[in-house]
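Going line by line, the protein sequences match chains A and B. Okay, so the first sequence: first residue is 1 according to full-length UniProt numbering, each after it adds one. Okay, so the second sequence: first residue is 1 according to full-length UniProt numbering, each after it adds one. We put the CB at the ideal spot given by N, CA and C, even for glycine. Nothing here was measured: the structure is a model prediction, and the numbers come from that model. Some notes on the structure that comes next.
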Amino acid sequence: MPLKAVTANRLREGDVVYLTESGLWSNWLNQATVSNDAAAQEGLLQRAEADVAARKIVAPYLIDLIEVDGILQPTSTRENIRAAGPTVRADYRTAPLVA
Amino acid sequence: MYRYDEFDLAFVQQRVAQFRGQVERRLAGELSEDEFKPLRLMNGLYLQLHAYMLRVAVPYGTLSSKQMRRLARIARDYDHGYGHFTTRQNIQYNWPKLAEVPDLLAELAEVEMHAIQTSGNCIRNVTADHFAGASADEIEDPRIYAEIIRQWSSLHPEFSFLPRKFKIAVTGAPNDRAAVRFHDIGLQIRRNEAGDVGFEVIVGGGQGRTPVIGVTIRKFLPKAHLLSYLEAILRVYNQLGRRDNLYKARIKILVQQTGAEVFTRLVDEEWAELKDGALTLPAEEIERIETYFAPPAFETLPANSPAFEARRFEDRDFARWVRSNVSAHKADGYAIVSISLKPEGGAPGDATAEQMEVVADLAEAYSFDEILISHEQNLVLPHVKLSDLPAVWDKLVQHELATPNIGLVSDMIACPGLDYCNLANARSIPVAQRISQRFSDLNRQHEIGDLKIKISGCINACGHHHVGHIGILGVDKKGEEFYQITLGGSADENAAIGKIVGPAFSYDAVVDAIDSIVDTYLGLRQDNEKFNDTYARVGITPFKEKLYAAA
């Protein structure tokens, strides 16, 4: 089972966030809580759904990741772009994916 | 320019207040996301890849300086300092915060703008020729009728839940700059044999996964019947258009399935019920709207300006810009200036708040306070005196707005693609950026001449790839971005859909592929032939052979 984390958008602001171990939502992918266990991944999604009900976030879903030297990286181009911001305007990138 | 009357003002303000209440209820938990989503979409607010995105309508592409300044202020105060002009004469903000959107909409309402009907299965922003009111080939200003259609279609109760979205474009000129054959309804203003002015009505065009060239269902529709006839078309579509399959729901599929002849008959039967009824346009009402679009008070000027000619003679850069970015105006001594939003390495259609303000200042000083947005993602100053062109150019140069590439290889349409869009399969903007860098030699671009490259990041074709002379479609192949190339498309009066040249290219290889196609064209063209003429003469094979020779 590949490594997965939950991503969503904050309801009020709309920015891309990841569920962390403590249950907060972080703008930095590397702070995401991850799991390679299907049941645990389902659990993460359920925690996210609770935060949808609590009006913290919208549209949560699981994404596939790999970990390289302690850095979490999405496997898809789409999620890489979501994590790092548009590739076309360096001035508006939200966060570098790899420091 | 059209000014809101009391009805327009009241309904736009009501919508702002209504949406403010809806956002409050959403944030307070009284509305779920499922309940809220259709409401926000009715107000042009999407949730995209990174953030919310607000699409604001620029009706028939016309803005005053005051409105443009407000768009700039919104970019600065509510967004990241820039906006993106789209292929449907809208502007999109990529980073608004939900909680702030009601205030943003209130700011728009103050300058008679809104985001209503920029999303959802309704009649969208009506688009028009971006040289409207300025070009010499125009029979009448298409915006008069676009405005009449806007009033009829705004919050039209019967057409708020159509099978799918519905796009209308109007042109007043035989040279089609509004892509009327690629809209759900295209209206081309025509003069009939008796000399009366009316409309050719074209139906069922579109792009997306099923590109179709629209068919003419009425060669000449008298003006008085414009709305009753449109209503008849929409009624037939609303009743018979498919609602069971998203991909077969547009009117183009209905027209294909019933056949143009049967479709025309169905419309005529419906029209028989509506014709000469309440929707008949009185001549006085047309005149009333026409006065809003009356030509500005042009001065009587000689056809030439010595100051302009002198600068053109002395300054090669200026002369080159005039060649590509300045078009003939209907009034002597005036010109139409196209402002390129496609600088080398830039994101097509993006403008910063500062750039918007510069354009607003220029319009105020030199273009009767008027700005037009083109569906090719550029801006237009429609009425500039020839003698003012040097001053306008100097200012544009200072703000990276003077790229002399209108209609040339680097004047590409590109959708937001995977950099912003939730639906995209591949990036579009960086492909455009790399192509513009490959063709950075502007003299070479001028030698190549008119060449339209259009790039979409998915099959929905927002980047109009089907109608590019060279079209590029981003596809996802096992998680990797690939690009399929089509040749021979055209969105103008010679409407054509491009043909796929062969297997797709990787992200790294696609720019070389474009270069190869351009080289093949230059090697084969005769007597300054346009790309599509060469392509029509020699066919796809020479392009294919060169492209795939190494493989």
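Straight-line gap, residue i to residue j (C-alpha atoms, nearest Å)
i: B/Lys530; j: B/Asn125; result: 32 Å
i: B/His114; j: B/Gln239; result: 29 Å
i: B/Tyr78; j: B/Ala303; result: 45 Å
i: B/Leu522; j: B/Ile448; result: 7 Å
i: B/Leu31; j: B/Ser228; result: 38 Å
i: B/Leu396; j: B/Arg190; result: 36 Å
i: B/His225; j: B/Pro430; result: 46 Å
i: B/Gly277; j: B/Trp271; result: 10 Å
i: B/Gly345; j: B/Asp411; result: 11 Å
i: A/Ala38; j: A/Gly70; result: 22 Å
i: B/Gly172; j: B/Arg243; result: 33 Å
i: residue 555 of chain B; j: B/Phe368; result: Outside the displayed range of chain B (1 to 551) lies residue 555 of chain B, so it cannot be described from this structure.
i: B/Phe161; j: B/Asp350; result: 32 Å
i: B/Arg73; j: B/Ala353; result: 7 Å
i: B/Lys452; j: B/Asp533; result: 13 Å
i: B/Ser324; j: B/Phe318; result: 10 Å
i: A/Gln31; j: B/Tyr52; result: 23 Å
i: B/His464; j: B/Phe182; result: 10 Å
i: B/Asp315; j: B/Lys330; result: 26 Å
i: B/Ala310; j: B/Arg76; result: 39 Å
DSSP three-state assignment for residue i, whether helix, strand or coil
i: B/Pro348; result: coil
i: B/Asn494; result: coil
i: B/Tyr367; result: One detail in the question is off: residue 367 of chain B reads as Ser in this sequence, not Tyr. Here B/Ser367 sits in coil by DSSP.
i: B/Phe220; result: strand
i: B/Thr171; result: strand
i: B/His84; result: strand
i: A/Ala95; result: Low local confidence applies: a pLDDT of 45 at A/Ala95 is under 50, so the model's placement there is unreliable, with the coordinate-based value given in what follows. Correct three-state label for A/Ala95: coil.
i: B/Phe19; result: helix
i: B/Lys248; result: helix
i: B/Lys454; result: strand
i: B/Val262; result: helix
i: B/Ile233; result: helix
Delimiting residues of the alpha helix (DSSP H) encompassing residue i
i: B/Leu98; result: No alpha helix (DSSP H) contains B/Leu98, which DSSP labels as neither H nor E.
i: B/Lys546; result: 541–547
i: residue 611 of chain B; result: Beyond the ends of chain B as shown, which are 1 and 551, falls residue 611 of chain B; an answer cannot be given.
i: B/Arg143; result: 142–153
i: B/Asn435; result: One detail in the question is off: residue 435 of chain B reads as Ile in this sequence, not Asn. Run containing B/Ile435: 429–438, per the alpha helix (DSSP H) assignment.
i: B/Lys66; result: 65–78
i: B/Leu522; result: 510–524
i: A/Glu42; result: 38–53
Continuous beta strand (DSSP E) stretch holding residue i: start and end
i: B/Ala194; result: B/Ala194 -> no beta strand (DSSP E), and no H or E assigned at all.
i: B/His383; result: 379–385
i: A/Arg10; result: 3–10
i: B/Ile470; result: 470–477
i: B/Tyr52; result: 52–57
i: A/Glu67; result: 57–68
The ligand FAD heavy atom lying under 7 Å from the CB of residue i
i: B/Val501; result: In terms of ligand content, the structure shown is empty, and the ligand FAD therefore cannot be addressed.
Residue nearest to residue i in terms of C-alpha spacing, selected from the options
i: B/Ile144; options: B/Val170, B/Ile123, B/Lys165, B/Asp137; result: B/Val170
i: B/Gly195; options: B/Asp5, B/Ser305, B/Tyr237, B/Lys223; result: B/Lys223
i: residue 552 of chain B; options: B/Ala513, B/Arg20, B/Glu193; result: One cannot answer for residue 552 of chain B here, as it falls past the ends of chain B, which runs 1 to 551.
i: A/Glu42; options: A/Ser22, A/Ala53, A/Trp28, A/Met1; result: A/Met1
i: B/Ala41; options: B/Gln117, B/Leu266, B/Trp321; result: Looking at the sequence itself, residue 41 of chain B is Leu, so the reference to Ala does not match. When only C-alpha atoms are compared, the closest one is B/Gln117.
i: B/Glu285; options: B/Val212, B/Lys330, B/Ile149; result: B/Ile149
i: B/Thr291; options: B/Glu140, B/Tyr535, B/Leu47; result: B/Glu140
i: B/Ala136; options: B/Glu100, B/Ser305, B/Ala28, B/Ala335; result: B/Ala335
i: B/Ala10; options: B/Gln89, B/Ala28, B/Ala106; result: B/Ala106
i: B/Thr127; options: B/Phe308, B/Asn90, B/Val23; result: B/Asn90
i: B/Cys462; options: B/Arg20, B/Val322, B/Tyr60, B/Gln207; result: B/Gln207
i: B/Tyr93; options: B/His80, B/Ala99, B/Asp103, B/Ser338; result: B/His80
Under 7 Å from the C-beta of residue i: neighbouring residues of chain E
i: A/Val16; result: Among the chains of the structure shown, chain E does not appear; the protein chains present are A and B.
Is the stretch 114–132 of chain B in contact with the stretch 168–179 of chain B, if contact means three or more CB pairs nearer than 8 Å?
yes
With three or more C-beta pairs closer than 8 Å as the rule, is the stretch 151–167 of chain B touching the stretch 70–86 of chain B?
no
Quick check: the stretch 475–482 of chain B against the stretch 499–508 of chain B, are at least 3 beta-carbon pairs closer than 8 Å?
Yes, since at least three Cβ pairs between the stretch 499–508 of chain B and the stretch 475–482 of chain B fall closer than 8 Å, the two stretches touch.
Three Cβ pairs or more, each shorter than 8 Å: is that satisfied between the stretch 377–391 of chain B and the stretch 436–450 of chain B?
no
Three or more beta-carbon pairs under 8 Å between the stretch 401–421 of chain B and the stretch 460–473 of chain B, yes or no?
yes
Are three or more beta carbon pairs between the stretch 484–497 of chain B and the stretch 415–434 of chain B nearer than 8 Å?
no
Kindly confirm or deny that the stretch 250–266 of chain B and the stretch 296–311 of chain B touch, where touching means at least three C-beta pairs closer than 8 Å.
no
Is the stretch 72–79 of chain A touching the stretch 49–62 of chain A, taking contact as three or more C-beta pairs under 8 Å?
no
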